[in-house]
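Structure first, commentary second.
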Amino acid sequence: MSYRVALIKGDGIGPEQAAATTEVLSAVAENFGLSFDFIPVEAGDATLKKYGAALPDASLKTITECDSCLKGPVGATAYDVIIKMRQQLDLFANIRPAKSMPNVPSLNSKTDLVIVRENTEDLYVGLESGDEQKAIATRVITRKASERIARYAFELARQRKNSVVAIHKVNVMKKTDGLFLSACRGIASSYCDVQFSDMLVDAAAMNLIRNPQAFDVIVTTNMFGDILSDEAAQVVGGLGLAASANIGERFAIFEPVHGCAPDIAGKNIANPISMILSASMMLDWLGEKKKDQNLTKAAKMIHYAVESSLRAGECTQDLGGKLTTLEMAKAIKKRLSENQV
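Note that our numbering numbers the sequence shown so that position 138 is 393, with each residue one more than the last.
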C-alpha cells in the first residue's frame, strides 16, 4: 500500500531530523511492502520570510490532501503553524508518551505514562488584550471539548493499565477547571472498569518527579498538559526522545515535542529519535485508520529498533554518545531487520 505523507521539515534542526526520519521510514517500508510518498510542505520561520505567512493557505490545503502529516520543529512562528493547524483541523487530542528507555538515565526506570492534553482551547485560543500596564488573557473551557478529551483518555487507558488521573487547579479556577473536572467525572461513570482519580496540578508536578511510575494516563487541559509533558520528558531522559501526536476525528499531525534548537542547527548532532518515534506513532494511527496491519507492525518495529539501538549504547551527544544525527538513523535502520514483530 502507498500513503501520502505531508512533510514539514521545519526550522533549525528540523531538516536534519526529517532526513533521518524519512531514511528510517523508507527502510521499514521495504520490510512490509509499504510505500511512503513524502509531500514537501513549507511552514515555519523561513516560510514567513519567503511568503509573508508562516503557514500559507496552499500549505494547509496540501496537508489536508494527504493521509497524515509529519512535522519537524519550527521556530518563533510555532503558534502560527501548529496552533493554527490544531484549531483549524480540530486536532483535539495531543498525545505525549513518556517511557523510560534502555540505557538512558531517568528518574525512574519503570516510568511508562501518557499525557492526553486537550488541544484546541484553554488560554491557547489567543484571546488577549491590554497595554504596557495591564494585559488580560481569556481562558476558554467547554464541556464538549472536556468530555471529548476525557473519553479519548479513558479509551486509551483500556489499552494500557486501566487508570486515568485528571489534572486541574479547581481550588483556584473554580469555574473553568471546575467544568473540566465535572466533565471528566461524568465520562468516568461510563468506564467502571477504569480506575479514576484527580489531582491538583502542583501536586502532579511534584509526583511526576517523586513517583512517576504511579501514573498511567494523565488527562488535562491545554496549558497544564504542555508544561507537564515537558517535565515528563525530562523524567525519562530529555526532550530528544519526546514524540507527540495531534489527533482529530479525521486527520492527525505528528511532531517532536521540542523546539528547533537553532544553536545546534546544521551541526548534524541533533537527536532524531523524537521525530522517529513520532513517525512510529503516525504509522500506528494510520494502521488503525486504514485497517492496515502492516503499518501497525512497522510502527512496532521502529520502536523496538530504537530501543535496541539505545540498549547497545548507540546514541547521540545529548544522551552521552558520539553518533551524529544521520549515524543514529543508520544505527536504527540496521536494527530494523533484527526486530521481527
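We put the CB at the ideal spot given by N, CA and C, even for glycine.
Point to revise | Start and end residues, alpha helix (DSSP H) containing residue 587 | key: By one-based count along the sequence shown, residue 587 stands at place 332. Per DSSP, residue 587 belongs to the alpha helix (DSSP H) from 580-591.
Review point. For the 8 Å Cβ check, are there 3 or more pairs between the segment 287-295 and the segment 544-552?
Key: yes
Check your understanding: Is it right to say residue 424 is buried, meaning 16 or more other beta carbons lie within 10 angstroms of its own, or is it exposed?
Key -> In the sequence shown, residue 424 corresponds to position 169, counting from 1. Buried, because 16 or more other Cβ atoms sit within 10 Å of the Cβ of residue 424.
Review point. Quick one: what does DSSP say residue 566 is sitting in, helix, strand or coil?
Key: Counted from its first residue, the sequence shown places residue 566 at position 311. Correct three-state label for residue 566: helix.
Review point. Leaving out five residues before and five after residue 270 in sequence, what residues of the same chain have Cβ atoms less than 6 Å from its Cβ?
Key: As a working note, residue 270 is residue 15 in the sequence shown. Contacts found: 264.
Review point. What is the DSSP secondary structure of residue 348, reduced to helix, strand or coil?
Key: What you label residue 348 is simply residue 93 of the sequence shown in a count that begins at 1. If DSSP states are grouped into helix, strand and coil, residue 348 belongs with the strands.
Check your understanding: Would a C-beta distance cut-off of 9 Å place residue 378 and residue 422 closer than the cut-off?
Key -> What you label residue 378 is simply residue 123 of the sequence shown in a count that begins at 1. What you label residue 422 is simply residue 167 of the sequence shown in a count that begins at 1. Not closer than 9 Å, so no.
Exercise for review: Just the C-alpha distance for residue 493 and residue 257, rounded to the nearest angstrom, thanks.
Suggested key: What you label residue 493 is simply residue 238 of the sequence shown in a count that begins at 1. What you label residue 257 is simply residue 2 of the sequence shown in a count that begins at 1. Approximately 34 Å between the Cα atoms of the pair.
**Study point:** Spatial distance of residue 434 from residue 274 (CA atoms)
**Key:** Indexing the sequence shown from 1 puts residue 434 at position 179. Indexing the sequence shown from 1 puts residue 274 at position 19. About 44 Å.
Review point. So is the beta-carbon of residue 565 under 8 Å away from any non-hydrogen atom of the ligand NAD?
Key: For the ligand NAD, the structure offers nothing, since it holds no ligand at all.
Point to revise | For residue 553 and residue 590, the rounded distance between their alpha carbons | key: Your numbering for residue 590 matches position 335 in the sequence shown. Your numbering for residue 553 matches position 298 in the sequence shown. C-alpha separation (whole angstroms): 13 Å.
Exercise for review: Quick one: which unbroken beta strand (DSSP E) runs of 3-plus residues sit fully inside the segment 490-568? Chain order, please.
Suggested key: 498-502 and 507-511
Practice item. Quick one: using the 10 Å Cβ neighbour count with 16 as the cut-off for buried, is residue 322 buried or exposed? Key: Here residue 322 is taken as the residue at index 67 of the sequence shown, counted from 1. Residue 322 should be labelled buried.
Practice item. Report yes if the C-beta distance between residue 502 and residue 349 is below 9 Å; otherwise report no. Key: Along the sequence shown, one-based indexing puts residue 502 at 247. Along the sequence shown, one-based indexing puts residue 349 at 94. Yes, the Cβ-Cβ distance between residue 502 and residue 349 is below 9 Å.
Exercise for review: Report the option in 495, 407, 529 and 528 whose CA atom is closest to the CA atom of residue 473.
Suggested key: As a first step, residue 473 is located in the sequence shown; it is residue number 218 there, counting from the start. If we check each option's Cα against that of residue 473, 407 comes out closest.
Review point. Is it buried or exposed for residue 531, if we count other Cβ within 10 angstroms and need 16 for buried?
Key: Taking the sequence shown and counting its residues from 1, one reaches residue 531 at position 276. By the neighbour-count rule (16 or more Cβ atoms within 10 Å), residue 531 is buried.
Check your understanding: Using DSSP with H/G/I as helix, E/B as strand and the rest coil, what is residue 476?
Key -> Within the sequence shown, residue 476 is the residue found at index 221, counting from 1. Residue 476 falls in the coil class under three-state DSSP.
**Study point:** Cut-off 8 Å between Cβ atoms - residues of its own chain near residue 511, not counting five sequence neighbours on either side
**Key:** Numbered from its first residue, the sequence shown carries residue 511 at position 256. Cβ neighbours of residue 511 beyond the five flanking positions: 272, 327, 328, 494, 497, 498, 499, 529, 530 and 533.
Review point. Skipping 5 residues on each side, what residues in its chain have a beta carbon closer than 6 Å to that of residue 596?
Key: Position 341 of the sequence shown, counted from the start, is the residue given in the question as residue 596. For residue 596, the predicted structure reports a pLDDT of 47, less than 50, and the residue's modelled location is therefore unreliable. A value from the coordinates is still provided. Once the five neighbours on either side are set aside, the close Cβ partners of residue 596 are 552, 555 and 556.
Check your understanding: Considering only residues of the same chain and omitting the five flanking positions on each side of residue 293, which have a CB-CB separation below 7 Å?
Key -> The sequence position of residue 293 within the sequence shown is 38, counting from 1. Answer for residue 293: 260, 262 and 277, listed in chain order.
Review point. Are residue 464 and residue 362 closer than 9 Å when you measure CB to CB?
Key: Residue mapping note: residue 464 aligns to position 209 of the sequence shown, counting from 1. Residue mapping note: residue 362 aligns to position 107 of the sequence shown, counting from 1. Contact: yes.
Exercise for review: Please confirm whether residue 573 and residue 526 have their CB atoms less than 9 Å apart.
Suggested key: As a first step, residue 573 must be located in the sequence shown, where it is residue number 318. As a first step, residue 526 must be located in the sequence shown, where it is residue number 271. Contact: yes.
Check your understanding: Would you call the segment 408-415 and the segment 372-388 touching, i.e. three or more CB-CB distances under 8 Å?
Key -> no
**Study point:** Contact the segment 303-314 vs the segment 515-523: 3+ CB pairs below 8 Å
**Key:** no
Check your understanding: What's the call for residue 360, buried or exposed, on a 16-neighbour Cβ count within 10 Å?
Key -> As a working note, residue 360 is residue 105 in the sequence shown. So residue 360 counts as exposed.
Practice item. Assign residue 260 to one of three DSSP states: helix, strand, or coil. Key: As a working note, residue 260 is residue 5 in the sequence shown. Here residue 260 sits in strand by DSSP.
Review point. By DSSP, does residue 295 sit in helix, in strand, or in coil?
Key: For the purposes of this step, residue 295 is identified with residue 40 of the sequence shown, where counting begins at 1. Three-state result, residue 295: strand.
**Study point:** residue 437 versus residue 291: straight-line alpha-carbon distance, rounded
**Key:** Start at 1 with the first residue of the sequence shown, and residue 437 comes out as number 182. Start at 1 with the first residue of the sequence shown, and residue 291 comes out as number 36. Cα to Cα, residue 437 sits roughly 43 Å from residue 291.
Review point. So, is residue 426 buried or exposed, given that buried needs 16 or more other C-beta atoms within 10 angstroms?
Key: The count along the sequence shown starts at 1 and reaches residue 426 at position 171. Answer is exposed; the Cβ neighbour count stays below 16.
Practice item. Using the DSSP secondary-structure output, state which residues sit across from residue 395 in a beta bridge. Key: Within the sequence shown, residue 395 is the residue found at index 140, counting from 1. Residue 395 is bridged to 377.
Check your understanding: When you compare only the Cα positions, how much space is there between residue 352 and residue 335?
Key -> Locating residue 352 in the sequence shown gives position 97, counting from the first residue. Locating residue 335 in the sequence shown gives position 80, counting from the first residue. Their backbone Cα atoms lie some 25 Å apart in a straight line.
Practice item. Compare the beta carbon distance of residue 490 and residue 356 with 9 Å and say whether it is the shorter of the two. Key: As a first step, residue 490 is located in the sequence shown; it is residue number 235 there, counting from the start. As a first step, residue 356 is located in the sequence shown; it is residue number 101 there, counting from the start. No; because the gap between Cβ atoms is not below 9 Å, this pair is not in contact.
Review point. Do you know how far the Cα of residue 419 is from the Cα of residue 450?
Key: For the purposes of this step, residue 450 is taken as residue 195 along the sequence shown, with counting starting at 1. For the purposes of this step, residue 419 is taken as residue 164 along the sequence shown, with counting starting at 1. Taking the straight line joining both Cα atoms gives about 6 Å.
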